[in-house]
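Right, one structure below, let's go through it.
Below you can see the structure in the form of structure tokens.
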């Protein structure tokens, strides 16, 4: 069986963020407002930095967005993320926000 690899690559590149598990059109809109418009950028930044950028962009995300972002990046169901990774994600978010308040630039400030 032959595969048209260029077509497959094009479909993967054009895949929308809202197609990732745990994310939908509203999440995609908030990420776009924050300047995150590709899956590659989301994965490079990671869930916590992406969430911090959404907050800084003036959106009012709930923590469900953070769980959804981590689900999309890690491949874990968002329910498991919310239950098992809640504390580590919130601590990482607090660290990013405190560094920013102290005047330290982070990758998400770029």
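In the numbering used here, the protein residues as written are 181 to 290.
For each residue, glycine too, the CB sits at the ideal point set by N, CA and C.
Here the structure is a predicted model, which means the values were calculated and not measured.
For residue j and residue i, the rounded distance between their alpha carbons
| i | j | result |
| --- | --- | --- |
| residue 243 | residue 283 | 24 Å |
| residue 250 | residue 224 | 12 Å |
| residue 186 | residue 215 | Confidence at residue 186 is low in this model, with a pLDDT of 43, below 50, so the placement of that residue is unreliable and no value is reported for it. |
| residue 196 | residue 206 | 12 Å |
| residue 240 | residue 262 | 18 Å |
| residue 209 | residue 272 | 23 Å |
| residue 222 | residue 237 | 15 Å |
| residue 276 | residue 204 | 25 Å |
| residue 268 | residue 217 | 25 Å |
| residue 213 | residue 281 | 21 Å |
Whole-angstrom C-beta distance between residue j and residue i, which should lie under 8 Å
| i | j | result |
| --- | --- | --- |
| residue 230 | residue 211 | 7 Å |
Neighbour flag for residue i against chain B, beta carbons, 8 Å
| i | result |
| --- | --- |
| residue 208 | The displayed structure is made up of one protein chain only, and chain B is not part of it. |
When the options are compared against residue i, the one with the closest alpha-carbon
| i | options | result |
| --- | --- | --- |
| residue 274 | 257, 235, 264 | 235 |
| residue 279 | 203, 213, 232 | 232 |
Own chain, CB closer than 7 Å to residue i, minus 5 neighbours either side, in chain order
| i | result |
| --- | --- |
| residue 226 | 253 |
| residue 290 | Only weak support exists for where residue 290 lies, its pLDDT of 49 falling under 50; the value from the coordinates is given anyway. Closer than 7 Å at Cβ, skipping near neighbours: no residue. |
Neighbourhood of residue i by C-beta, 8 Å cutoff - its chain only, sequence neighbours within 5 removed
| i | result |
| --- | --- |
| residue 258 | 201, 202, 244, 247, 248, 250, 251 |
| residue 255 | 201 |
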